[in-house]
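Residue numbers (the working numbering): 1 to 110.
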């Protein structure tokens, strides 16, 4: 017989807090970070996008300068775009996952 899955925070007395607030303390603000902003700031989404854009441009340009033709340049762009899209998608997913699991709470005492 299998047991039901245990969720770590299902028995929180107040969402985002491990225990009830002390007497006289109240929640002033509670929220989670924006997933896209978190991906941009914590996971450097823009820097990774710029890196892949420069890499694609250099690969395509070197193919054209080497006289390989536009077909080879297009192949370089396509095959480099696949890991670029996967990397950027992973960073966006991490931003969503971290934001989804984070709750900030400000009270009138702390």
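Glycine included, each C-beta is placed from N, C-alpha and C at the ideal position.
Please name the residue or residues paired with residue i in a DSSP beta bridge.
i: residue 31; result: 104
i: residue 17; result: 14
Counting C-beta neighbours from all protein chains within 10 Å, is the total for residue i 16 or more, i.e. buried, or is it exposed?
i: residue 39; result: buried
i: residue 82; result: exposed
i: residue 95; result: buried
Would the beta-carbon of residue i fall within 8 Å of that of residue j?
i: residue 12; j: residue 109; result: no
i: residue 20; j: residue 14; result: yes
i: residue 30; j: residue 102; result: no
Leaving out the 5 sequence neighbours to the left and right, which residues in its chain are closer than 6 Å to residue i when beta-carbon positions are compared?
i: residue 56; result: 77, 80
i: residue 64; result: 73
Please go through the same chain and pick out, in chain order, the residues whose beta-carbon is closer than 8 Å to the beta-carbon of residue i, but skip the five residues on each side of it.
i: residue 87; result: 48, 52
| field | Cβ pair count under 8 Å reaching 3, the region 44 to 55 against the region 17 to 35 | value | no
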